[in-house]
Amino acid sequence: MPRNWKRRDFVSGLLMGGFAGSLAWNCLGRAENKPRFGAEAAFSAIRSGRKIPVILDTDIGDDIDDTWALTLLLKCPELDVRLVVGDNRNAIYRGKLIAKLLEVAGRTDIPVGLGVGLDERPGRQSRWVADYDLKKYPGTVYEDGVAAIIETIRKSEFPVTLICIGPVQNIAEALKRDPGITQNARFVGMHGSIYKGYGGSTEISAEYNVRVDPKALQAVFAADWEVTITPLDTCGLVHLTGEKFRRVYECTDKSVQALMENYQIWREEGEKKKLPPPDRSSTLYDTVAVYLAVEEQLVEMETLSLVVTDDGFTRIDASGRPVRAAVRWKNMELYENWLVQRLVGQ
């Protein structure tokens, strides 16, 4: 069982136990007669009224879109959030952000996991958690978030959807310790650049979540589970402006107000000065990964043979593994409407 601590416990170190195992794509077989769980089964369950268990792995506290994504996730009744884990090191800072946002939302039933790298460095949202004591989080905080990921997947009565919106070091470590978690999970991530790059450029990009740690995503791609991604082709185009942004900005819901507080702090820390209120969002990359855990009706999906290069590109290659990618929008305006309606509750 992963180590956890409640209000009066103290973080003393990261538990680093593990399991040996090859991550080669062609060496990990599925359990005999057990089909790989995927989007079709997940959406069928949602249509039947079942809530899908999910884990969010997030590098919250860097770009603000992770905070939008967590807020959105909590507004999706189709999803049963079992665990939220901070990714890409700086675990204490990220854990504070996650815990305070969950507390504001009244969702302290959701455990917080501290990911690989138990350090704390200032980030662009540090001001919002400057006085927050993680040890006083009313729910559970797992010091070893990777072990919590493994245990949550292993104990789930229904396959878990892993929503991953960071560089996935935690997931790579979980696969290293226990490759068998793929038998009870699917992967949905915000990663890569297939036909388009940042800002809709025709030049593909080494997308941030891949470029930071290409080997981590290589491990994810090597594992035997269904992989679905929103690359920059779709997620890199999403912004809220005009009336859509105004509805979110003026929403009185406590979680959305906390999101807007964080957005203003994030903007001011980036510019190093006091700023007037915003009139539009930044690019909301990570929200699309949450959407893909719920449905795919507004995007065009292609199953592509992809490889992750050592310099951080996701390239189509015959030697790659099949990845389901949301490569184009059918109707991005309808997605933006969906996003706003979920956030404001109308």
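Mapping the sequence shown onto the numbering used here, position 296 (from 1) lands on 296, and the numbers just tick up by one. Where a beta carbon is used, it is the ideal one built from N, C-alpha and C, also for glycine. These numbers come from a predicted model, not from an experiment.
- Take residue 94, set aside five residues on each side of it, and the residues of its chain with a beta-carbon closer than 6 Å to its own are 60, 61, 86, in chain order.
- CA-to-CA, the gap between residue 227 and residue 214 works out to about 16 Å.
- Cβ neighbours of residue 100 within its own chain (closer than 6 Å, five residues either side excluded): 129, 132.
- As DSSP reads the structure, residue 325 sits in a beta bridge with 229, 302.
- When the beta-carbon positions are compared, residue 54 and residue 160 come within less than 8 Å of each other.
- Spanning the alpha carbons of residue 202 and residue 211 requires a straight line of approximately 19 Å.
- Here the stretch 244–263 does not lie against the stretch 307–321, with fewer than 3 beta-carbon pairs under 8 Å apart.
- Counting only residues of its own chain and dropping the five nearest sequence neighbours on each side, residue 280 has a CB closer than 7 Å to the CB of 239, 240, 241, 245.
- In the DSSP assignment, residue 175 falls within the unbroken alpha helix (DSSP H) covering 169–177.
- Per DSSP, residue 55 is one residue of the beta strand (DSSP E) stretching across 52–58.
- Residue 189 has 164, 229 as its beta-bridge partners, per DSSP.
- Sequence-distant Cβ neighbours of residue 65 in its own chain, meaning closer than 6 Å and more than five residues away, are 284, 285, 286.
- For residue 79, the three-state secondary structure derived from DSSP is strand.
- In this structure, the beta-carbon distance from residue 344 to residue 247 falls below 8 Å.
- Residue state for residue 124 is assigned as coil, using DSSP reduced to three classes.
- In the DSSP secondary-structure assignment, residue 316 is bridged to 306.
- By the criterion of a C-beta distance shorter than 6 Å, residue 269 is surrounded in its chain by 124, once the five residues flanking it on both sides are discounted.
- Proximity to residue 231 across 289, 255, 180, 185 peaks at 289, based on C-alpha coordinates.
- When secondary structure is reduced to three states using DSSP, residue 38 falls in the coil class, being assigned neither helix nor strand.
- A Cβ-Cβ separation of about 4 Å places residue 120 in contact with residue 92 under the 8 Å criterion.
- Of the candidates 306, 324, 325, 306 places its Cα closest to the Cα of residue 317.
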